[in-house]
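Below is one structure, written out as structure tokens; the observations come after it.
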Amino acid sequence: MENIEIARLLDETAALLEIDAADPFRVRSYRRAAEAVEQQTTRLDALVASDSKQLLSIPGIGKGMAANICQLVETGAIPLRTELLTKYKSTVLGLLKLPGMGPKTVALVWSALGVSDMDSLEAAAREGKLAGLPRMGERFATKLLKGIEDHRRNSGRFRVDRALDEAERISVLIRAFPGIDQITPAGSLRRGRESVGDLDLLVTGPACEPDVVAAAVEHVATLPLIDKLLARGQNKVSFTLRNNLQVDVRLLPRASYGAALQYFTGSKMHNVALRQRAIKRGLTLSEYALLRLEDNIIVAAASEEDIYRALDLEYIPPELRENCGEIEAAAASFLKAETGGLPRLIEFSDLCGDLHMHTEATDGRDTIRQMAEAALARGLAYIAITDHSKNLAMTNGLDDDRALAHVERIREVDRELQAVHGGRIRILPGIEVDILADGSLDLENSTLAKMDIVVASVHSHFNQPSEEMTARVLRALENPHVRILGHPTGRKILSREPYAIDIEQVLQRAGKLGVAVEHNANPARADLSDLHLRRAKEIGCKIVVNTDAHATEELDKMRYGITQLRRAWLTADDVLNTLPTAEALLARLRPKP
Ligand code: DGT
Ligand code: CA
Ligand code: CA
Ligand code: ZN
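Spelled out as structure tokens, the structure:
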């Protein structure tokens, strides 16, 4: 049992206790334990097996909780959780994911209406049955119904980073079969979508030549991590993993690799448009090859480049294949037209800096120096340290005095590292200052004046109506110290909808004022969608992409950010932190007052 699973079950127990109106102290002990377990780097099941007393050395875990964890690891269950689930049914936990449905509200609809799952809650809201309950007027019901709809749309999808981890885990096992040499994720994962519906894996190698493919299919169909085998064909295996992620594996001869990769990368709409283009040229495109209609001669099959070229198109990067103008652009590029061609998309190696990260001074894990050296190891030339401000009390946010002292400390470490690394990494002092409910900022202007990088972000009062939230953010942009707008939408992929805000107005105003908007590279956040980013470019808004790292390894999340920028058709020139030096960057940000 992995730590994350243990943490999930402890957290569920806390939620069930809360619904059960248990002693808040007891609820908190489960919740704290869940958080502590999640942060452990050593596996708890191994600890239980070797020396369970060591559990007690984890902060937040006392004797009783340690006993719970031992029992959980040994039997797979926490008796208290099991007991509560027989009372409430496991579906009540799903209700907590809906907007406005806290534990008290869930308990109320359960006791008053016998509602314990989403379908019956939806029915109750539609039939006006909620109206009789306290604090559940018409507005509540409307919002709830929208929440249920959003939830249904998102559920069953998986965040791209999670899907990628699974793809890597599966690939290692498939590759163990002799005669398989390439495993390529296709579908929405290859196109770099924020979330995927299922995983499409393309497998090629000599074992996939028609005469030996049966043994390779057998190997895939009996992988140990398969939860349910869904389908098994001549060259195709579909199954689900324990987390319900569906995986479609297709085995193909090398000669068809390009055609298959093109087909299974999609998107469907892109493929439809491409097939029409083929037909106009007397060709036909399938997952096996691009053929000439009149005599079935293979025109292209082995590589995607060959296929696009045979259709008079420049190669189209997967991130653009959404039938949003990429085929027209690729045709223009192929003809070497002066305008309207494909952009040279930004690449990871274009990136030179990361302007948003946290340290142990607030809610980060590592020191300024550790963050800087980790950035240097990843090839960056400069970073900004932007810890939280005091309004975010739970992060130990900085007040004016601490923020000023932190600036001094950052400059000191910068000097130290310049001596050690010959100036190959520079550290800019900064802050992620909270935008308060009225749009004012959490620190004095005289404090912000000392910072090179002021990122202003909304971290509270997420539920303001759109006019209020928009006015709030617009007001923050007017503060001349603000150089970057952080978390422009506040969404969390598949778990929190963006706050109500008129993003068009915000981008317009930021563009006029020269404030850069931030795309958060963390795949759980991805604050700006590809469409927002494309719009920001159109408007002429400055754009930065930052990791918001809270620990050194989170700097690696940058690649997810780059993928979203590529989906937005952005080039290196469109993104400020591709500038080679800290000086060049500072010269392009909004001028300091
Ligand atoms: P997803 O899984 O919902 O995140 O999105 P995709 O794009 O991965 O969709 P999926 O898994 O249904 O199919 C993978 C690719 O296979 C898709 O992007 C294009 C191709 N494909 C699947 N079914 C069809 C089809 O009926 N027609 C065409 N032209 N292509 C298809
Ligand atoms: Ca898929
Ligand atoms: Ca699929
Ligand atoms: Zn942050």
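Going by our numbering, the sequence shown opens with residue 299, and the numbers climb by one from there. Every residue gets a Cβ at the ideal spot worked out from N, C-alpha and C, and that includes glycine.
- In the structure shown, S327 falls within a helical segment according to DSSP collapsed to helix, strand and coil.
- Only residues of its own chain outside the window of five on either side were considered, and among them T502, C506, A558 have a CB closer than 6 Å to the CB of L550, listed in chain order.
- Annotation note: the stretch 452-529 contains the following uninterrupted alpha helix (DSSP H) runs of length 4 or greater, listed N- to C-terminal: 458-473, 485-489, 511-519.
- When the alpha-carbon of E766 is set against those of D736, A422, N777, V752, the nearest one is in D736.
- Distance check between A313 and each of E372, P357, G392, M299 places G392 closest, using alpha-carbon atoms only.
- Here I302 carries a helix assignment [DSSP, helix/strand/coil].
- A513 is a Cβ neighbour of F475, given a cutoff of 9 Å.
- The distance from the Cβ of L497 to that of A461 is about 6 Å, consistent with a contact at the 8 Å cut-off.
- According to the DSSP assignment, T582 belongs to the beta strand (DSSP E) that extends over 581-583.
- In the structure shown, the three-state DSSP call for R724 is strand.
- Straight-line measurement puts the Cα of A320 at about 42 Å from the Cα of E466.
- Distance check between P615 and each of L792, A484, Q532, A847 places A484 closest, using alpha-carbon atoms only.
- Contact between the stretch 577-595 and the stretch 818-835 is absent: fewer than 3 CB-CB pairs across the two stretches fall below 8 Å.
- Assigned with DSSP and collapsed to three states, T384 falls in helix.
- Contact between L354 and L307 does not hold, since the beta-carbon distance rounds to 19 Å and is not under 8 Å.
- Secondary structure remark: continuous alpha helix (DSSP H) runs of at least 4 residues inside the stretch 786-849, in chain order: 801-811, 828-837.
- Contact between the stretch 838-848 and the stretch 433-446 is not established, with fewer than three Cβ pairs separated by less than 8 Å.
- The way I'd put it, the stretch 726-744 does touch the stretch 692-706; three or more beta-carbon pairs between them come closer than 8 Å.
- For a cut-off of 8 Å, the C-beta gap from L591 to F456 is around 39 Å, too long to register as a contact.
- Close CB contacts of L396 within its chain, under the 7 Å cut and outside five residues either way in sequence, are with L442, G445, I446, H449 (chain order).
- As for any beta strand (DSSP E) of minimum length 3 sitting wholly inside the stretch 667-738, the runs are 680-686, 724-732, ordered along the chain.
- Taking the C-beta atoms as reference points, I723 is found no nearer than 9 Å to M749.
- In the DSSP secondary-structure assignment, M655 is bridged to A847.
- Residue pairing by DSSP puts T538 in a beta bridge opposite K526, Q544.
- Not one heavy atom of ligand 3 falls within 8 Å of the beta-carbon of G639.
- For S755, the shortest separation between its Cβ and any heavy atom of ligand 2 does not lie below 8 Å.
- Per DSSP, V413 lies in no beta strand (DSSP E) and is assigned neither H nor E.
- R794 has its Cβ no nearer than 8 Å to any heavy atom of ligand 1.
- The alpha-carbon of L783 is positioned some 38 Å away from that of K634.
- Between F646 and the set G412, N694, L863, the nearest pair of CA atoms involves L863.
- By a beta-carbon distance limit of 8 Å, A670 does not contact V705. Their separation comes to about 15 Å.
- In terms of side-chain proximity, the C-beta atom of G485 is found nearer than 8 Å to a non-hydrogen atom of ligand 2.
- Taking all protein chains shown into account, A344 has fewer than 16 neighbouring C-beta atoms within 10 Å of its C-beta and is therefore exposed.
- With 16 or more other Cβ atoms from the protein chains shown falling within 10 Å of its own Cβ, G556 counts as buried.
- Annotation: the continuous alpha helix (DSSP H) that includes I605 extends over 602-608.
- Residue pairing of S755 in beta bridges, as defined by DSSP: D732.
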